[in-house]
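Comments concern the structure below.
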Amino acid sequence: MQKITPFLCFNKQAEEVANYYCSIFKNSKTLNVVHYGDAGPGPKGSVLTVQFQLEGQEFVILNGGPSEFKFNPAISFLVNCNSTNEVNELWYKLSEDGKILMGLDKYPFSERYGWLEDKYGVSWQLYLSSEQYSHMQKISPVLMFTNENSGKAEEAINYYISQFGNSGISNIVRYTKGEEGKEGTVKMGIFSLDGQTFMAMDSPIKQDFTFSPSISFFVNCNTQEEVDRLWKNLSSGGAEGQCGWLTDKYGLTWQVVPEVLLKLIQDEDPKKSNNVMQAMLRMHKLEIDKLLKAYQIQ
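The sequence shown begins at 0 in numbering that gives the first Met the number 0 and counts up one residue at a time.
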């Protein structure tokens, strides 16, 4: 599993949605399906999560996400396309029964670009790549900093890259005098976290949305020390949640999870996996020793 994975919350559609996206994007496949056991909280045998890959980018979809969490354009996914035909084909498929946010057209920053919400509400930006960005990751999360967070994109970028190794800023394009956005704020910033490409932008106008737990970022941690550090730092100024979930000071949601948890809850012994699930449901920050202790109970 990659270090940081976009994690999408749906109600009962995880398999349907994963199959839909895999049918649209090339070089895509389902990697793993985890089912609820006796410990729940979903019906035993039903799908808990689906892990899949689209053009090299891993995603996880959760079944059972709270219905009040709605997708919105504060987090979108930019697809770096190599040809006009690729842009057009993806647009045709993803826009079906969806909503157009920026029409497919020529813009100053791209010969072919469009922004849409698909039929499930997830936002996509389709971009005909220039030679400068042709080497970039195929699909990248884009964070839009709105309302009280507008103007904080660069601050957030620096904050996030300070938390992960192998991270840095690739490019920042700023609003200039006379443009719609405040001069000096981020029109588009490209950065990497643990080698994965992310983007961020300041919204120049007031929006009726901001970050939502409908899309969070799942961080796969190797040690308890890493869990402790990221939990402390990312939750500072934000809020701690249950089961490794937290909200940072900008309202972005993260899941800080030890790698061993995924192995334990998929154990072939249902009693062991259920013990681990019950222990996890009682925790805020996840603690490896307590998870292992629950696993060992006969």
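Even glycine gets a Cβ: it sits at the ideal position worked out from N, Cα and C.
Comparing C-alpha positions only, which one of G102, L192, S149 and Y174 sits nearest to N165? For the purposes of this step, residue 165 is taken as residue 166 along the sequence shown, with counting starting at 1. Comparing Cα-Cα distances from N165 to each of G102, L192, S149 and Y174, the minimum goes to L192.
In or out: A238 buried (at least 16 other Cβ within 10 Å) or exposed? As a working mapping, residue 238 is identified with position 239 in the sequence shown. Answer is exposed; the Cβ neighbour count stays below 16.
Quick check for students: name the residue ranges of the beta strand (DSSP E) that lie wholly in the segment 25-110, counting only runs of 3 or more. 27-34, 46-53, 56-62, 74-80 and 98-106
May I have the straight-line CA-CA distance separating G55 from N26, to the nearest angstrom? By 1-based counting over the sequence shown, the position of residue 55 is 56. By 1-based counting over the sequence shown, the position of residue 26 is 27. For G55 and N26, the distance between alpha carbons rounds to 7 Å.
Which residue marks the beginning of the alpha helix (DSSP H) containing R228, and which one marks its end? Numbered from 1 along the sequence shown, position 229 holds the residue referred to as residue 228. First-last of the alpha helix (DSSP H) with R228: Q223 to S234.
For D117, tell me which candidate among K98, I171, K105 and Y174 has the shortest Cα-Cα distance. One-based indexing of the sequence shown puts residue 117 at position 118. Cα-wise, what sits closest to D117 is K98.
Identify whether Q254 lies in helix, strand or coil by the three-state DSSP scheme. The residue you call residue 254 lines up with position 255 of the sequence shown. In the structure shown, Q254 sits in a strand (DSSP, three-state: E or B).
Among residues of its own chain, excluding the 5 on either side of S109, which ones have a beta-carbon nearer than 6 Å to its beta-carbon? Sequence index remark: in the sequence shown, residue 109 carries index 110 (1-based). Closer than 6 Å at the Cβ level, and outside the excluded window around S109, lie Y126 and L127.
Counting Cβ pairs, one atom from each stretch, are 3 or more of them under 8 Å apart for the segment 195-204 and the segment 140-148? The segment 195-204 vs the segment 140-148: in contact.
With burial defined as no fewer than 16 other Cβ atoms inside 10 Å of the residue's Cβ, what is the status of V172: buried or exposed? As a position in the sequence shown, residue 172 is number 173, starting the count at 1. By the 10 Å Cβ count, V172 comes out exposed.
May I ask which residues mark the beginning and end of the beta strand (DSSP E) holding V218? Counting from one through the sequence shown, the residue named residue 218 turns up at place 219. Looking at the DSSP string, the run of the beta strand (DSSP E) that includes V218 is I214 to C220.
Going by alpha carbons, who is nearest to V121 out of V185, C8 and G194? The residue given as residue 121 occupies position 122 in the sequence shown. Nearest C-alpha to V121: C8.
Check whether I138 and L53 have beta carbons under 7 Å apart: By one-based count along the sequence shown, residue 138 stands at place 139. By one-based count along the sequence shown, residue 53 stands at place 54. The answer is yes: Cβ separation under 7 Å.
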